[in-house]
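Peer 1: Sharing a structure, written as structure tokens. Questions coming.
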Amino acid sequence: VLRWIRDELASSEVETAKRLGIDPYDVLTKIAERVRPGADGLLFHPYLAGERAPLWNPDVRGSFFGLTISHKKEHMIRAALEGVIYNLYTVFLALTECMDGPVTRIQATGGFARSDV
Numbered sequence: 012v013l014r015w016i017r018d019e020l021a022s023s024e025v026e027t028a029k030r031l032g033i034d035p036y037d038v039l040t041k042i043a044e045r046v047r048p049g050a051d052g053l054l055f056h057p058y059l060a061g062e063r064a065p066l067w068n069p070d071v072r073g074s075f076f077g078l079t080i081s082h083k084k085e086h087m088i089r090a091a092l093e094g095v096i097y098n099l100y101t102v103f104l105a106l107t108e109c110m111d112g113p114v115t116r117i118q119a120t121g122g123f124a125r126s127d128v
């Protein structure tokens with residue numbers, strides 16, 4: 012999903028970032044930071060290739076919901092990042108149901124884990 016966002020919604024910004032030696036995903040984060048949390052009501056369902064946990068449905072598909080003429084590219088990027096994060100949260104909730112005790116630590120790696128978004 013993040014690769015699709017990078018390639019389809021921010022290709023020109025990403026090309027500039029590559030020429031400058033900047034991580035393209037950091038550029039996505041900077042673009043998303045221009046918009047308040049919640050992306051002004053725009054939601055993104057990140058199921059571009061079906062979904063595994065926790066839905067386990069290969070036929071479910073992604074979508075933007077609530078898209079209006081006032082939304083811009085940065086809203087779509089913000090909504091997409093938030094949709095991915097929310098989906099990870101639903102996986103977390105499913106895992107906590109299977110555990111004997113409370114979750115006391117979560118370890119995440121990679122650039123997305125550094126994001127303030």
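Using the working numbering, the first residue of the sequence shown is number 12, and each one after it goes up by one.
Positions of the beta carbon are idealized from the N, C-alpha and C atoms, including for glycine.
The structure displayed is predicted, hence computed values, not measured ones.
Can you give me the Cβ contacts of Val114 inside the same chain, cut-off strictly under 7 Å, excluding the 5 residues immediately before and after it?
Peer 2: For the purposes of this step, residue 114 is taken as residue 103 along the sequence shown, with counting starting at 1. The residues are Thr107.
Peer 1: In the DSSP output, what is Ser74 paired with across the bridge?
Peer 2: Numbered from its first residue, the sequence shown carries residue 74 at position 63. Among the bridge pairs identified by DSSP, Ser74 is matched with His56.
Peer 1: Checking the sheet assignment: what are the DSSP bridge partners for Asn68?
Peer 2: Here residue 68 refers to the residue found at position 57 when the sequence shown is read from its first residue. According to DSSP, which records beta bridges pairwise, Asn68 is partnered with Glu62.
Peer 1: What number of angstroms, rounded off, separates the C-alpha of Ala91 from the C-alpha of Ile16?
Peer 2: Against the sequence shown, residue 91 aligns to sequence position 80. Against the sequence shown, residue 16 aligns to sequence position 5. Each residue's alpha carbon lies about 7 Å from the other.
Peer 1: What residues in its chain sit with their C-beta under 7 Å from that of Ala124, if we drop five residues either side in the sequence?
Peer 2: Numbered from 1 along the sequence shown, position 113 holds the residue referred to as residue 124. Here the set comprises nothing.
Peer 1: Per DSSP, what kind of secondary structure is Gly122 in: helix, strand or coil?
Peer 2: Position 111 of the sequence shown, counted from the first residue, corresponds to residue 122. Of the three classes helix, strand and coil, the one that applies to Gly122 here is helix, per DSSP.
Peer 1: Pull up the CB-CB distance for Gly94 and Pro57, whole angstroms please, since I reckon it's below 8 Å.
Peer 2: Here the question's residue 94 lines up with position 83 in the sequence shown. Here the question's residue 57 lines up with position 46 in the sequence shown. With 8 Å as the limit, Gly94 and Pro57 qualify as a contact, their Cβ atoms being about 4 Å apart.
Peer 1: Please report the straight-line C-alpha distance between Arg89 and Leu13, rounded to a whole angstrom.
Peer 2: Counting from 1 along the sequence shown, the entry for residue 89 is found at position 78. Counting from 1 along the sequence shown, the entry for residue 13 is found at position 2. Their Cα atoms are separated by approximately 11 Å.
Peer 1: Using C-beta distances below 8 Å, list every residue in its chain close to Lys84, excluding the 5 sequence neighbours before and after it, in chain order.
Peer 2: By 1-based counting over the sequence shown, the position of residue 84 is 73. Counting only Cβ-Cβ distances below 8 Å, and skipping sequence neighbours, we find Leu20, Ala21 and Ile42.
Peer 1: Nearest to Ala119 by CA position, among Asp111, Met110 and Tyr100, is which residue?
Peer 2: Position 108 of the sequence shown, counting from 1, holds the residue named residue 119. The option with the nearest alpha carbon to Ala119 is Tyr100.
Peer 1: Starting from Ser23, trace the alpha helix (DSSP H) both ways and give me its first and last residue.
Peer 2: Translated into the one-based positions of the sequence shown, residue 23 becomes position 12. That run of the alpha helix (DSSP H) goes Ser22 to Leu31.
Peer 1: Just to confirm the assignment, what range does the alpha helix (DSSP H) spanning His107 have?
Peer 2: On the sequence shown, position 96 is the one that residue 107 refers to. The question names His, yet the displayed sequence has Thr at residue 107. Taken as a continuous stretch (DSSP letters only), the alpha helix (DSSP H) holding Thr107 covers Lys84 to Cys109.
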